[in-house]
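Novice: In this note's numbering, the protein residues as written are 8 to 437.
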Amino acid sequence: MNVLARLKPEQRPGGCDQPEVLRERGQREVFCGLTGIVWLHRKIQDAFFLIVGSRTCAHLMQSAAGVMIFAEPRFATAIIEDRDLAGLADVNEELDRVVTQLLERRPEIKLLFLVGSCPSEVIKLDLSRAAERLSGQFMPDVRVLYYSGSGIETTFTQGEDACLAALVPDLPEASNDTGRSLLVAGALPDIVEDQFRRLFDALGVGPVHFLPPRRSGGLPPVGSDTQYLLAQPFLTDTARALEERGATRIAAPFPFGEKGTTAWLRAAADIWGVDPSRFDDVTRSGRERAIQAVGRYRERLSGKSIFFFPDSQLEVPLARFVNSELAMTLEEVGTPYLHRDHLADDLAELPEGVLLSEGQDVDKQLDRCRAAAPDIVVCGLGLANPLEADGMTTKWSIELMFTPIHGYEQAGDLAELFARPLNRKGRLRV
Ligand code: SF4
Numbered sequence: 008m009n010v011l012a013r014l015k016p017e018q019r020p021g022g023c024d025q026p027e028v029l030r031e032r033g034q035r036e037v038f039c040g041l042t043g044i045v046w047l048h049r050k051i052q053d054a055f056f057l058i059v060g061s062r063t064c065a066h067l068m069q070s071a072a073g074v075m076i077f078a079e080p081r082f083a084t085a086i087i088e089d090r091d092l093a094g095l096a097d098v099n100e101e102l103d104r105v106v107t108q109l110l111e112r113r114p115e116i117k118l119l120f121l122v123g124s125c126p127s128e129v130i131k132l133d134l135s136r137a138a139e140r141l142s143g144q145f146m147p148d149v150r151v152l153y154y155s156g157s158g159i160e161t162t163f164t165q166g167e168d169a170c171l172a173a174l175v176p177d178l179p180e181a182s183n184d185t186g187r188s189l190l191v192a193g194a195l196p197d198i199v200e201d202q203f204r205r206l207f208d209a210l211g212v213g214p215v216h217f218l219p220p221r222r223s224g225g226l227p228p229v230g231s232d233t234q235y236l237l238a239q240p241f242l243t244d245t246a247r248a249l250e251e252r253g254a255t256r257i258a259a260p261f262p263f264g265e266k267g268t269t270a271w272l273r274a275a276a277d278i279w280g281v282d283p284s285r286f287d288d289v290t291r292s293g294r295e296r297a298i299q300a301v302g303r304y305r306e307r308l309s310g311k312s313i314f315f316f317p318d319s320q321l322e323v324p325l326a327r328f329v330n331s332e333l334a335m336t337l338e339e340v341g342t343p344y345l346h347r348d349h350l351a352d353d354l355a356e357l358p359e360g361v362l363l364s365e366g367q368d369v370d371k372q373l374d375r376c377r378a379a380a381p382d383i384v385v386c387g388l389g390l391a392n393p394l395e396a397d398g399m400t401t402k403w404s405i406e407l408m409f410t411p412i413h414g415y416e417q418a419g420d421l422a423e424l425f426a427r428p429l430n431r432k433g434r435l436r437v
């Protein structure tokens with residue numbers, strides 16, 4: 008039983024019809040936004056991410072990405088040395104030198120991100136001006152942009168949000184003559200992008216563009232005729248930037264599982280006036296495969312309780328998926344930030360009385376988790392080992408970012424991610 012006293016309806020921040028939210032502002036256990044580089048550098052194939060940071064940042068990236076030293080990865084860290092920190096060296100001059108060397112050695116780079124870190128922010132290094140200066144020097148061959156991946160007030164998926172938001176001002180203006188277009192925002196594996204593209208084509212929804220693009224030369228156009236769908240729930244700044252360019256968000260739940268994917272596709276199909284029978288025909292086989300694939304895990308997971316610590320910002324849509332498609336019981340759904348508009352459709356599908364928490368006070372949350380004794384805990388790497396030592400079964404939330412989980416064809420894999428730790432536990436038990 009969850010020992011936390013539930014808030015009374017009249018105490019709920021949004022009123023009686025809103026789910027209760029426990030807001031916490033204590034110590035947090037999250038990765039920083041640099042982590043997003045691990046999947047973003049694979050997605051944009053001619054981009055390079057130059058972190059301006061410390062050896063700690065370099066170690067984080069090296070271990071998170073598992074890069075072999077003789078590989079030519081498309082990210083690196085320009086280390087801020089003691090001389091820079093002490094103000095003895097001109098950091099801007101050093102940065103210009105490093106960037107020049109890099110671009111001379113790697114002519115295939117067409118888009119360079121300068122990625123800020125805690126150290127660059129602490130010494131107030133103005134990387135946005137540096138990016139402007141370097142862009143002026145290297146355009147039209149190389150575009151240089153800046154975003155922050157620092158761990159000061161961020162959670163790890165905010166790195167992708169900051170990166171995509173930095174791209175938006177550079178998107179070409181959509182021509183008014185071409186009419187309405189769909190933009191899918193959020194980095195998706197190429198295979199998932201191709202599946203969605205085929206479905207939208209079959210529905211007659213389009214033209215469809217994706218942000219980020221696979222190559223920097225393929226930046227999608229945006230304008231007042233752009234309707235956009237979020238593929239990831241953590242793109243607050245990107246969404247704001249797209250709306251400033253005139254785009255309109257299509258309200259939808261996130262495309263996880265059969266129900267989420269169907270509702271996400273239908274939201275776009277409705278805007279394009281797709282006939283319901285055509286929608287059913289186009290999506291039928293995908294829906295059936297997803298239901299069957301998820302069904303294989305439903306029996307194993309039905310009735311199992313789950314506790315989400317706040318980490319990836321995927322927690323609310325995933326809670327919707329595990330509850331409505333796998334019949335799991337939600338003990339607590341923690342999320343670093345709760346964007347009520349973007350999450351409205353997923354929030355509406357959560358069971359009444361579920362405890363939502365926003366932010367973190369990690370010790371208190373650990374106490375609640377231990378008291379609830381859930382069958383599975385979804386959390387960051389830093390909490391997984393102590394919880395496993397307490398006898399709990401954990402799933403690293405970062406795995407949900409590294410694994411293709413969107414859409415019909417990945418619905419079974421997504422369900423399996425929750426079943427696997429329980430299977431492992433069962434095998435270890437003697
Ligand atoms: S950006 Fe900050 S939190 Fe992230 S690795 Fe570097 S020093 Fe650590």
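For every residue, glycine included, the Cβ atom is placed at its ideal position computed from N, Cα and C.
1. For a test of your reading of the model: does the CB of residue 110 fall under 7 Å from any non-hydrogen atom of the ligand SF4? Yes or no.
2. Alpha carbons only, please: which of 379, 161, 220 and 253 is nearest the one belonging to residue 181?
3. Would the beta-carbon of residue 63 be found less than 7 Å away from any heavy atom of the ligand SF4?
4. For residue 157, write down the residues that DSSP places opposite it in a beta bridge.
5. Identify the continuous beta strand (DSSP E) that holds residue 307 and give its terminal residues.
6. Consult DSSP for residue 84 and reduce its assignment to one of helix, strand or coil.
7. Thinking C-alpha only, which one of 175, 60, 320 and 176 is nearest residue 125?
8. What is the residue span of the beta strand (DSSP E) that residue 138 lies within?
9. Report the residue ranges of all beta strand (DSSP E) runs contained in full by the region 156-226; include only those spanning at least 3 residues, in chain order.
10. Hey, residue 338 and residue 379 are a contact pair by Cβ (cut 8 Å); roughly how many whole angstroms apart?
11. Using 10 angstroms around the beta-carbon of residue 353, count the other beta-carbons present and answer buried if the total reaches 16, otherwise exposed.
12. Going straight from the alpha carbon of residue 361 to that of residue 295, what length do you get?
13. Looking only at its own chain, which residues have a Cβ that is under 7 Å from the Cβ of residue 432, when we skip the five neighbours before and after it?
14. Between the Cα of residue 267 and those of 384, 330, 307 and 119, spot the shortest distance and give me the residue it belongs to.
15. Can you find the residues in the same chain that come closer than 7 Å, C-beta to C-beta, to residue 30, ignoring five residues on each side of it along the sequence?
16. Residues in the same chain with beta-carbon distance under 7 Å from residue 64, minus the five sequence neighbours each way, listed in chain order, please.
17. Is any heavy atom of the ligand FAD found at a distance shorter than 7 Å from the C-beta of residue 158?
18. Residue 312 bridges to which residues according to DSSP?
19. In this structure, what does DSSP give as the bridge partners for residue 59?
20. How about residue 126: is its Cβ closer than 7 Å to a heavy atom in the ligand SF4?
21. For residue 356, name the three-state secondary structure that DSSP assigns.
22. Give me the residue from 196, 244, 313 and 188 with the minimum Cα distance to residue 232.
23. Tell me, please, whether the region 100-114 touches the region 42-52 by the rule of three or more beta-carbon pairs shorter than 8 Å.
24. Is the closest heavy atom of the ligand SF4 to the C-beta of residue 429 under 7 Å?
25. Taking 7 Å as the cut-off, is the beta-carbon of residue 60 closer than that to any non-hydrogen atom of the ligand SF4?
26. Based on DSSP bridge pairs, tell me the residues matched to residue 54.
27. Is residue 170 near the ligand SF4 - that is, is its Cβ less than 7 Å away from at least one heavy atom of it?
28. Count the other CB atoms, across all protein chains shown, that sit within 10 Å of the CB of residue 150; report buried if there are 16 or more and exposed otherwise.
29. Quick one: does the C-beta of residue 41 sit closer than 7 Å to a heavy atom of the ligand SF4?
Specialist: From the atom records:
1. For the purposes of this step, residue 110 is taken as residue 103 along the sequence shown, with counting starting at 1. For the ligand SF4, not one heavy atom lies less than 7 Å from the Cβ of residue 110.
2. Taking the sequence shown and counting its residues from 1, the one referred to as residue 181 is at position 174. Residue nearest to residue 181 within the set 379, 161, 220 and 253 is 253 (criterion: CA-CA distance).
3. One-based indexing of the sequence shown puts residue 63 at position 56. Yes.
4. Locating residue 157 in the sequence shown gives position 150, where the first residue counts as 1. Within the DSSP bridge table, the entry for residue 157 names no partner.
5. Residue mapping note: residue 307 aligns to position 300 of the sequence shown, counting from 1. Here residue 307 belongs to no beta strand (DSSP E); instead the alpha helix (DSSP H) covers 283-308.
6. Here residue 84 refers to the residue found at position 77 when the sequence shown is read from its first residue. Collapsing the DSSP output to three states places residue 84 in a strand.
7. Working through the sequence shown from its first residue, we reach residue 125 at position 118. If we check each option's Cα against that of residue 125, 60 comes out closest.
8. Residue mapping note: residue 138 aligns to position 131 of the sequence shown, counting from 1. That residue, residue 138, is in no beta strand (DSSP E); its alpha helix (DSSP H) goes 134-145.
9. Those beta strand (DSSP E) runs which fall completely within the region 156-226 and span 3+ residues are 188-192 and 215-218.
10. Taking the sequence shown and counting its residues from 1, the one referred to as residue 338 is at position 331. Taking the sequence shown and counting its residues from 1, the one referred to as residue 379 is at position 372. Residue 338 to residue 379, Cβ: 4 Å. Contact.
11. Within the sequence shown, numbered from 1, the residue matching residue 353 stands at position 346. Buried.
12. Within the sequence shown, numbered from 1, the residue matching residue 361 stands at position 354. Within the sequence shown, numbered from 1, the residue matching residue 295 stands at position 288. Going by the C-alpha atoms only, they are around 29 Å apart.
13. Indexing the sequence shown from 1 puts residue 432 at position 425. Shown here for residue 432: same chain residues with a beta carbon closer than 7 Å to its own, the five before and five after excluded, namely 400 in chain order.
14. As a first step, residue 267 must be located in the sequence shown, where it is residue number 260. Checking every option, the nearest Cα to that of residue 267 belongs to 330.
15. Taking the sequence shown and counting its residues from 1, one reaches residue 30 at position 23. For residue 30, where only same-chain residues beyond five positions count, the Cβ hits under 7 Å are 365 and 366.
16. Taking the sequence shown and counting its residues from 1, the one referred to as residue 64 is at position 57. 41, 58, 84 and 124, listed in sequence order.
17. Within the structure as shown, the ligand FAD is missing, the only ligands being the ligand SF4.
18. Sequence index remark: in the sequence shown, residue 312 carries index 305 (1-based). Partner(s): 336.
19. Within the sequence shown, the letter at position 52 stands for residue 59. In DSSP, residue 59 forms a bridge with 85 and 123.
20. Translated into the one-based positions of the sequence shown, residue 126 becomes position 119. Correct: residue 126 has its Cβ closer than 7 Å to the ligand SF4.
21. Within the sequence shown, the letter at position 349 stands for residue 356. DSSP places residue 356 in coil when its eight states are reduced to three.
22. Counting from 1 along the sequence shown, the entry for residue 232 is found at position 225. Comparing Cα-Cα distances from residue 232 to each of 196, 244, 313 and 188, the minimum goes to 188.
23. At 8 Å Cβ cutoff, the stretches do not touch.
24. One-based indexing of the sequence shown puts residue 429 at position 422. With a cutoff of 7 Å, residue 429 does not count as near the ligand SF4, since its C-beta is closer than that to no heavy atom of the ligand.
25. Residue mapping note: residue 60 aligns to position 53 of the sequence shown, counting from 1. For the ligand SF4, at least one heavy atom lies less than 7 Å from the Cβ of residue 60.
26. As a working mapping, residue 54 is identified with position 47 in the sequence shown. Note: residue 54 sits in a beta bridge opposite 118.
27. Against the sequence shown, residue 170 aligns to sequence position 163. When distances are taken from the beta-carbon of residue 170 to the heavy atoms of the ligand SF4, even the shortest one reaches 7 Å or more.
28. Counting from 1 along the sequence shown, the entry for residue 150 is found at position 143. Residue 150 comes out buried.
29. Residue 41 sits at position 34 when you count from the first residue of the sequence shown. Yes - the ligand SF4 has a heavy atom lying nearer than 7 Å to the Cβ of residue 41.
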